[in-house]
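**Q** Chains as they are written, first to last, in my numbering: chain A, 25 to 273; chain B, 25 to 273.
Glycine included, every Cβ here is placed at the ideal spot set by N, Cα and C.
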Ligand SMILES: Nc1ncnc2c1ncn2[C@@H]1O[C@H](COP(=O)(O)OP(=O)(O)O)[C@@H](O)[C@H]1O
Ligand SMILES: Nc1ncnc2c1ncn2[C@@H]1O[C@H](COP(=O)(O)OP(=O)(O)O)[C@@H](O)[C@H]1O
Ligand SMILES: [Zn+2]
């Protein structure tokens, strides 16, 4: 496995690794990861995407690859799945979408080792890692294994969300991982009929968090019915020329 | 500790335990748990609430008890915090809201043991347990320790959400835990100006999931600005006589 991949070190030496995470689930972390990866692919970069949310995997559905099984080159090397111009691997490509994976902490680490060491990625410009929500075993292991990664925090505008979401950014700073910034998702909803804008989940909390973390709010992505519709049919908006795609570029 | 609490067994023998969970985070699980507990309290029941989301705790902010520390009766017994007519315990009452708790799987189990054994709950009619998202160590341990509990699944309407959220319900059924039903949250948004209703996150997927799990959709809670506003200031809507309170009763 390592000979194909020239071992883990070269993979991450030439490759810029961006971990996308949030202390809180359901903020849109996987949607941002998938669209960011596809957007970078459309700009001509060679991009890999690891779905590190081993128990709560959702990347296969967002990219329309539910049920696709990866090919094995030999018993130690697997080929990632290719879709929308990027290379992807997820636990969802080894298990049924509705089956609960009842695993304990130590086993999860083993799967991630394989995603990083036994997948033949080739020479990548970017590797996007969609972290599981929270500050548990997996995000910590990945931060310790790849110290040169950058971290992108995703949150929604609620005060109750930004406090929980922000915890992982404090964790990243404790282990000297650079924070790229914060992507605020579901910032407002514009009524398709009367075009009034509503800050359903509030506003201003993300700016407070950015100040405390000494970083910037990079983008504010509105609640868009089209983003959800396309997610549900496995077509990330970043792949089509729609106006929604610009948030992720 | 056990003498005060007459040990774990009596606590859960007379008490109806409802675990509120979801395979996916950010669906409104903690908001449903907090409001359900407060609503049962207003109906005259003696209610306890355990925030079992040890790393991603959010109950203290939803109930306005951030920073409140529980009293210790002796070195083995702690008193829960009382607010809005219910008794509550959360990791957030032992740690700072913004500090990342960097813990590995086995330590989390120890904290939950303490929440169940070393807290003096008295005689409760209901115990609500707000589970962490996902199908990892903690939900599994709680299901194995309290086999007579009932399980309430919370999801949002998106296809991508219901598949991930549903995984924990399949897990509950595997370990013979009764499923009470499904609470769908953020079902639609009614524009405050033109009063048009939008299924921002789609519809119909929760009914499909309920059919597969052989259970019912108990309630559909709309996206309400007031639910979020009150959550952010620590006042659950179920405690006030507003129309939003009826969803949780
Ligand atoms: N800006 C948005 N507008 C509308 N729906 C969104 C938006 N971002 C995410 N979603 C939807 O919300 C759900 C949760 O997003 P997901 O990326 O799975 O969150 P996480 O990875 O943080 O759990 C998905 O069904 C997705 O389609
Ligand atoms: N029906 C609703 N309408 C508007 N906001 C809601 C609703 N339900 C939950 N929220 C908000 O969404 C955020 C996430 O809810 P939370 O209960 O913390 O989710 P979970 O426990 O599943 O992670 C909270 O800030 C809460 O205020
Ligand atoms: Zn309108």
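(1) Could you have a look at residue 271 of chain A and say whether DSSP puts it in helix, strand or coil?
(2) Relative to chain B, which residues along the segment 234 to 254 of chain A have a C-beta separation below 7 Å, given in chain order?
(3) Who are residue 177 of chain A's beta bridge partners in DSSP?
(4) Let's see if you can read the secondary structure: which residues bound the beta strand (DSSP E) around residue 110 of chain B?
(5) Is it a yes or a no for the segment 92 to 110 of chain B touching the segment 172 to 188 of chain B, going by three-plus beta-carbon pairs under 8 Å?
(6) Using 8 Å as the limit for Cβ to Cβ distance, is residue 23 of chain B near chain A?
(7) Do the CB positions of residue 94 of chain A and residue 105 of chain A come within less than 8 Å of each other?
(8) Please name the residue or residues paired with residue 72 of chain A in a DSSP beta bridge.
(9) Among A:156, A:253, A:239 and A:223, which one has its Cα closest to the Cα of residue 229 of chain B?
(10) Give me the pocket residues for ligand 3, defined as CB within less than 7 Å of any heavy atom, sorted by chain position.
(11) Buried or exposed: residue 346 of chain A, going by 16 or more other Cβ atoms within 10 Å of its Cβ?
(12) Is the number of C-beta pairs between the segment 254 to 263 of chain A and the segment 215 to 226 of chain A that are closer than 8 Å three or more?
(13) Along the beta strand (DSSP E) that carries residue 244 of chain B, what are the first and last residues, could you check?
(14) In this structure, does DSSP put residue 34 of chain A in helix, strand or coil?
(15) Anything in the segment 79 to 95 of chain B with a Cβ closer than 7 Å to a Cβ of chain A? List those residues in chain order, please.
(16) Between residue 149 of chain A and chain B, is the shortest Cβ-Cβ distance under 8 Å, so that the two count as touching?
(17) Taking the alpha helix (DSSP H) that residue 64 of chain B belongs to, which residues open and close that run?
(18) Using a beta-carbon distance below 8 Å, is residue 221 of chain A in contact with chain B?
(19) Within 8 Å of any Cβ in chain B, is that where the Cβ of residue 211 of chain A sits?
(20) Please state whether the Cβ-Cβ distance between residue 49 of chain B and residue 160 of chain A is less than 8 Å.
(21) Evaluate the contact criterion for the segment 41 to 56 of chain B versus the segment 184 to 193 of chain B: three or more CB pairs, one atom per stretch, below 8 Å.
(22) Following the continuous beta strand (DSSP E) through residue 262 of chain B, name the residue where it begins and the one where it ends.
(23) Skipping 5 residues on each side, what residues in its chain have a beta carbon closer than 6 Å to that of residue 202 of chain A?
(24) At a cut-off of 7 Å, is residue 197 of chain B close to ligand 2 when judged by its beta-carbon and the heavy atoms of the ligand?
(25) Is residue 179 of chain B close to ligand 2? I mean its beta-carbon at under 7 Å from any heavy atom of the ligand.
(26) Can you list, in chain order, the residues of its chain whose CB lies under 8 Å from that of residue 216 of chain B, leaving out five sequence neighbours each side?
(27) Could you tell me whether any non-hydrogen atom of ligand 1 is closer than 7 Å to the CB of residue 45 of chain B?
(28) Once you ignore the five residues that flank residue 26 of chain B on each side, which residues in its own chain have a CB closer than 6 Å to its CB?
(29) I need the straight-line Cα distance from residue 244 of chain A to residue 213 of chain A, nearest angstrom please.
(30) Expressed to the nearest angstrom, what Euclidean distance is found between the alpha-carbon atoms of residue 117 of chain B and residue 147 of chain A?
(31) What number of angstroms, rounded off, separates the C-alpha of residue 257 of chain B from the C-alpha of residue 115 of chain B?
(32) Taking 7 Å as the cut-off, is the beta-carbon of residue 252 of chain A closer than that to any non-hydrogen atom of ligand 1?
(33) What does a CB cutoff of less than 6 Å around residue 70 of chain A pick up in its chain, not counting 5 residues either side in sequence?
(34) Which residues does DSSP pair with residue 213 of chain B in a beta bridge?
(35) The segment 177 to 188 of chain B: which residues have C-beta closer than 8 Å to a C-beta of chain A, in chain order?
(36) Residue 247 of chain A and residue 268 of chain A: beta carbons closer than 8 Å?
**A** So, to answer that:
(1) helix
(2) 247, 249 and 252
(3) A:45 and A:206
(4) 110 to 114
(5) no
(6) Residue 23 of chain B cannot be examined here, being either before or after the span of chain B that is shown, 25 to 273.
(7) yes
(8) A:111 and A:151
(9) A:253
(10) A:215, A:217, A:218, A:220, B:215, B:217, B:218 and B:220
(11) Nothing about residue 346 of chain A can be read from this structure; chain A reaches only from 25 to 273.
(12) no
(13) 241 to 245
(14) Confidence is the limiting factor: at residue 34 of chain A the pLDDT is only 48, short of 50, which leaves the residue's position unreliable, though a coordinate-based value still follows. Note: residue 34 of chain A maps to helix in three-state DSSP.
(15) 79, 80, 82, 85 and 86
(16) no
(17) 53 to 66
(18) no
(19) no
(20) no
(21) yes
(22) Premise fails: residue 262 of chain B is in no beta strand (DSSP E) and is neither H nor E.
(23) 174
(24) no
(25) no
(26) 249
(27) no
(28) Here the model assigns residue 26 of chain B a pLDDT of 39, short of 50, so the residue's position is not dependable, and the following value carries that caveat. Result list for residue 26 of chain B: empty, nothing under 6 Å.
(29) 12 Å
(30) 48 Å
(31) 19 Å
(32) yes
(33) 148 and 149
(34) B:222
(35) 180, 182, 183, 184, 185, 187 and 188
(36) no
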